[in-house]
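In full-length UniProt numbering, the protein residues as written are 1 to 249. Think of the CB as a built atom: it goes at the ideal place given N, C-alpha and C, for glycine as much as any other residue.
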Amino acid sequence: MDAGGDGAVTVLARGEGLAAWRQIADGVAADIEAGRLAAGSQLPTEAALAARFGVNRHTVRRALAALAERGLVRATQGRGTFVETPRLAYPIGRRTRFSEIVSQAGREAWGDLLAAETVLADPATAEALGLAPQDPMLELLTIHRADGTPLSTARTCLPLPRFEGFAAAYAALGSLTRAYAEFGIADYTRLSTRITARPATADEAARLDLAPGRVLIVLSSVNVDAAGVPIQATRSLFAADRVELVVEG
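Below, the structure is given as structure tokens:
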């Protein structure tokens, strides 16, 4: 069953107890596994698939939802549905750099700033950053992509007034490392990382182009500058279907 074929109608088995949407989902999955639909490629539109399989668009939509739940495809608002790329090996060590990791895998890395505001430090973040509770800090909400595919979204907090203006630097440069360089920080290291997992909320799933309820890997981390002073406390949410964490010794 070739979902991206020449436009001929693909005949589904009728009256054999297997729902049409399941046959479509299984057929597309087989095409992905056999390499007939390459990683990163775009599937035909719902209308084109409906015409190809001789079903209505609701049936196609259910098949695509089942494929998304299996982590085989992702639906992007306004752009269509794409075959998921293989998991990216993501090392966690003393020098964890999103841009470097993605670039070394031969993919283009970029971070988008979704929101930035000055907030008062909660007790846990204050302790991580060496602040007093209720001290002001900069909070960034970001999303990080590899070849346009969202891999993670993060809440990052930085102490003020040291990083006043950091949001503008990050928005322009698309990288924490490059933005830190603008503030005279040539290098920084990971002080701690805690790893947990949970289902995505509806908002998080929409941000990461995930089916609702898909598993997220949650990384809570603290970075320090060359003098050992905390500069960053981050909670990153990774799409578990798109990354494979590698903890380095």
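State the start and end residues of the unbroken alpha helix (DSSP H) segment that holds residue i.
i	result
residue 177	176-182
residue 155	Unbroken run through residue 155 is the beta strand (DSSP E), 149-159; no alpha helix (DSSP H).
residue 101	98-104
Leaving aside the five residues before and after residue i along the sequence, list all residues of the same chain whose C-beta is less than 8 Å from its C-beta, in chain order.
i	result
residue 246	89, 90, 91, 92
In this structure, what does DSSP give as the bridge partners for residue i?
i	result
residue 165	DSSP, once it has assigned bridges, lists no residue as partnering residue 165.
residue 136	120
residue 91	246
residue 112	143
residue 75	81
Specify the secondary structure class of residue i as computed by DSSP and reduced to three states.
i	result
residue 31	helix
residue 18	coil
residue 244	strand
residue 200	coil
residue 59	helix
residue 210	coil
residue 52	helix
residue 24	helix
residue 191	strand
residue 131	coil
residue 64	helix
residue 173	helix
residue 10	coil
residue 126	helix
If I measure Cβ to Cβ from residue i and keep anything under 7 Å in the same chain, skipping five residues before and after, which residues do I get?
i	result
residue 107	146, 147
residue 169	179, 182
If you count every other CB in all the chains shown that lies within 10 Å of the CB of residue i, and 16 or more means buried, which is it?
i	result
residue 179	buried
residue 122	exposed
residue 150	buried
residue 139	buried
residue 229	exposed
residue 175	buried
residue 124	exposed
residue 234	buried
residue 192	exposed
residue 56	exposed
Which residues bound the beta strand (DSSP E) around residue i?
i	result
residue 225	215-225
residue 232	230-239
residue 44	Premise fails: residue 44 is in no beta strand (DSSP E) and is neither H nor E.
Who are the Cβ neighbours of residue i in its own chain at under 6 Å, not counting the five residues just before and after it?
i	result
residue 212	202, 205
residue 59	20, 21
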